[in-house]
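Here is the structure we will look at, set down as structure tokens.
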Amino acid sequence: MTVSETKKVPEYKIKEVNRLKEIIKNNPVLGLTRIFRIESSMLQNIRKNLRGKVGIKVIKNNLFERAIDQVEKENLDKLKNQLEGATALIYTDLNPFKMKSLIEKNRSFTFAKAGYISPKDITVEAGDTGFPPGPIITELNEAGLRTRIKSGTIWVRETKTIVEEGEEISPMQAIVLSRLGKKPIELGLELYAAYDGTIYTEEDLDVDIEGILDNLKLAASRGYNLAIQINYPTSETIEPLIQKAHSHARSLVLQSKIIIKGYVDILLSLGNTQAKAIAQTIKSINPDALPEELLKSLGSEVEKTTTEEPQSDKQESEEKDSEEDEDEDTSVGLGGLFN
142 MTVSETKKVP
152 EYKIKEVNRL
162 KEIIKNNPVL
172 GLTRIFRIES
182 SMLQNIRKNL
192 RGKVGIKVIK
202 NNLFERAIDQ
212 VEKENLDKLK
222 NQLEGATALI
232 YTDLNPFKMK
242 SLIEKNRSFT
252 FAKAGYISPK
262 DITVEAGDTG
272 FPPGPIITEL
282 NEAGLRTRIK
292 SGTIWVRETK
302 TIVEEGEEIS
312 PMQAIVLSRL
322 GKKPIELGLE
332 LYAAYDGTIY
342 TEEDLDVDIE
352 GILDNLKLAA
362 SRGYNLAIQI
372 NYPTSETIEP
382 LIQKAHSHAR
392 SLVLQSKIII
402 KGYVDILLSL
412 GNTQAKAIAQ
422 TIKSINPDAL
432 PEELLKSLGS
442 EVEKTTTEEP
452 QSDKQESEEK
462 DSEEDEDEDT
472 SVGLGGLFN
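Structural data, given as structure tokens:
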């Protein structure tokens, strides 16, 4: 072999670079995710759950860099600087934040293994383990749990945190947690970089989407209420503002007794009601001050609203009306209001 001769690139590498080039060309959004401790079965489940929304491909970083070099897209070469460790490529037409949200929703819990760093306090509750007495008692004790025998099974005497957040899980603790069915370790793809023409770092992607949406809804609600209060017309407020103006105008007409078309009957009805209320007050003080015709009118109104009046009360009312009927006072006064 001469100095000018070059080492032949394996065919499978060429094919892999070509596949990566097609993915990069045909998808506007790319993501890089850590797959540390992700087992193949879990990765297959994630692929199944996200099928039709995002694609997932485990990559070799050096081949991905070669593929990037052969595709012309704005700022794409900067994605090479983000590569780290074992990585799976995510490709989609969703924006990077929706992509991250989907990935986060597909995390799952698994059994702890010796050497794992606990992401949180791991607590075992007091109670029946369901295990019969045997060698497991020693394992539970070595893991830091106090036990006793009750009703033929092993019970944990008291609730206890056996691994604190940030501590390394020991082999015996991993065995005991597995026996007790505890799955304290949350695993899933971890998006650490994304590209859509712009490079997003892990910090850029760490956004509370739900919190932002809640704040937007609150801001929209406050803005709407303010627009209604200051009578600011928009496509959303014009209808309630017209209803508000109509309501205010109606109240003004009725309060000011303004005679305009459409309100005459209402004003007359209100005037009639108010006059009758005054007449009822006068009647309760001095019935003789009212003309006979008006007294009869008020009596008939009372009868309409007291159809279920007790018989004794009805008789008293009739007696009172008969006494008033005898009064020959023909004072005109308020009688004219009801003609």
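Counting in the working numbering, the sequence shown runs from 142 upward without gaps. Heads up, the beta-carbon is just placed ideally off N, CA and C, and yes, glycines get one too.
C-alpha distance - residue i paired with residue j, whole-angstrom precision
| i | j | result |
| --- | --- | --- |
| residue 252 | residue 373 | 59 angstroms |
| residue 359 | residue 353 | 10 angstroms |
| residue 272 | residue 320 | 9 angstroms |
| residue 436 | residue 411 | 20 angstroms |
| residue 385 | residue 397 | 18 angstroms |
| residue 426 | residue 414 | 19 angstroms |
| residue 307 | residue 246 | 24 angstroms |
| residue 305 | residue 259 | 7 angstroms |
| residue 179 | residue 366 | 50 angstroms |
| residue 257 | residue 183 | 18 angstroms |
| residue 329 | residue 282 | 32 angstroms |
| residue 421 | residue 377 | 49 angstroms |
| residue 361 | residue 355 | 10 angstroms |
| residue 167 | residue 200 | 17 angstroms |
| residue 417 | residue 380 | 38 angstroms |
| residue 326 | residue 310 | 11 angstroms |
| residue 175 | residue 363 | 41 angstroms |
| residue 470 | residue 388 | Unreliable positioning characterises residue 470 in this predicted model, as indicated by a pLDDT of 40, which lies under 50. The coordinate reading is nonetheless provided below. Taking the straight line from one Cα to the other gives about 44 angstroms. |
| residue 214 | residue 181 | 32 angstroms |
| residue 234 | residue 151 | 32 angstroms |
| residue 284 | residue 248 | 27 angstroms |
| residue 331 | residue 292 | 46 angstroms |
| residue 303 | residue 322 | 15 angstroms |
| residue 191 | residue 236 | 15 angstroms |
| residue 153 | residue 194 | 28 angstroms |
| residue 298 | residue 347 | 41 angstroms |
| residue 390 | residue 429 | 41 angstroms |
| residue 210 | residue 345 | 25 angstroms |
Host alpha helix (DSSP H) of residue i (start-end)
| i | result |
| --- | --- |
| residue 327 | Looking at the DSSP string, residue 327 is not in any alpha helix (DSSP H); the run it does join, the beta strand (DSSP E), is 326 to 328. |
| residue 160 | 152 to 167 |
| residue 407 | 405 to 426 |
| residue 391 | 379 to 397 |
| residue 279 | 277 to 283 |
| residue 361 | 350 to 370 |
| residue 317 | 312 to 320 |
| residue 241 | 237 to 245 |
| residue 173 | Taken as a continuous stretch (DSSP letters only), residue 173 belongs to no alpha helix (DSSP H), being part of the beta strand (DSSP E) at 170 to 175. |
| residue 209 | 202 to 210 |
| residue 184 | 181 to 191 |
Cutoff 6 angstroms; reference residue i; Cβ partners in own chain excluding five residues on either side
| i | result |
| --- | --- |
| residue 269 | 294, 296 |
| residue 498 | The displayed coordinates of the chain run from 142 to 480. Any statement about residue 498 would go beyond what the structure contains. |
| residue 312 | 255 |
| residue 324 | 250, 251, 252 |
| residue 196 | 232 |
is_contact[residue i, chain B] using C-beta, thresh 9 angstroms
| i | result |
| --- | --- |
| residue 219 | Annotation note: the requested chain B is absent from the structure, which comprises a single protein chain. |
For residue j and residue i, believed in contact at Cβ under 8 angstroms, the rounded distance
| i | j | result |
| --- | --- | --- |
| residue 267 | residue 288 | Not really, about 10 angstroms apart at Cβ, beyond 8 angstroms. |
| residue 255 | residue 208 | Between residue 208 and residue 255 the Cβ distance is about 38 angstroms, and since that is not below 8 angstroms, they are no contact. |
| residue 400 | residue 393 | Rounded, the Cβ-Cβ distance is 13 angstroms, inconsistent with contact. |
| residue 382 | residue 369 | 7 angstroms |
| residue 219 | residue 164 | The Cβ separation is near 18 angstroms, so there is no contact. |
| residue 162 | residue 212 | 6 angstroms |
| residue 419 | residue 431 | Wrong, their Cβ atoms sit about 10 angstroms apart, outside the cutoff. |
Boundaries of the beta strand (DSSP E) in which residue i is found, first to last residue
| i | result |
| --- | --- |
| residue 301 | 301 to 304 |
| residue 287 | Element bounds for residue 287: n/a, residue is neither H nor E. |
| residue 331 | 331 to 336 |
Close Cβ partners of residue i (< 8 angstroms) along its chain, the five nearest in sequence each way excluded
| i | result |
| --- | --- |
| residue 223 | 173, 333, 334, 340, 342 |
| residue 375 | 368 |
| residue 280 | 313, 316, 317, 320 |
| residue 395 | 404, 407, 408, 411 |
| residue 216 | 336, 338, 339, 340 |
Spatial neighbours of residue i in its chain, beta-carbon cut-off 7 angstroms, leaving aside the 5 residues before and after
| i | result |
| --- | --- |
| residue 177 | 226, 227 |
| residue 350 | 238, 242 |
| residue 460 | Bear in mind that a pLDDT of 49 at residue 460, under 50, signals an unreliable position, so the number given afterwards is only what the model happens to contain. Around residue 460: no qualifying Cβ. |
| residue 169 | 234, 337 |
Checklist entry - Are the stretch 176 to 188 and the stretch 232 to 242 touching by the rule of at least three beta carbon pairs closer than 8 angstroms? => result Between the stretch 176 to 188 and the stretch 232 to 242, the count of Cβ pairs shorter than 8 angstroms is below three; the stretches do not touch.
Margin query: Below 8 angstroms, how does it come out for the stretch 193 to 208 and the stretch 151 to 158: are there three or more Cβ pairs, yes or no?
Written below: yes
Exercise. Please confirm if the stretch 272 to 282 is in contact with the stretch 225 to 239, defined as three or more CB-CB distances below 8 angstroms between the two stretches.
Key: The stretch 272 to 282 and the stretch 225 to 239 do not touch, with fewer than 3 CB-CB distances between them shorter than 8 angstroms.
- Query: On the three-pair Cβ rule with 8 angstroms, is the stretch 333 to 341 touching the stretch 257 to 267?
  - Reply: Put simply, the stretch 333 to 341 does not touch the stretch 257 to 267. Fewer than three CB pairs are less than 8 angstroms apart.
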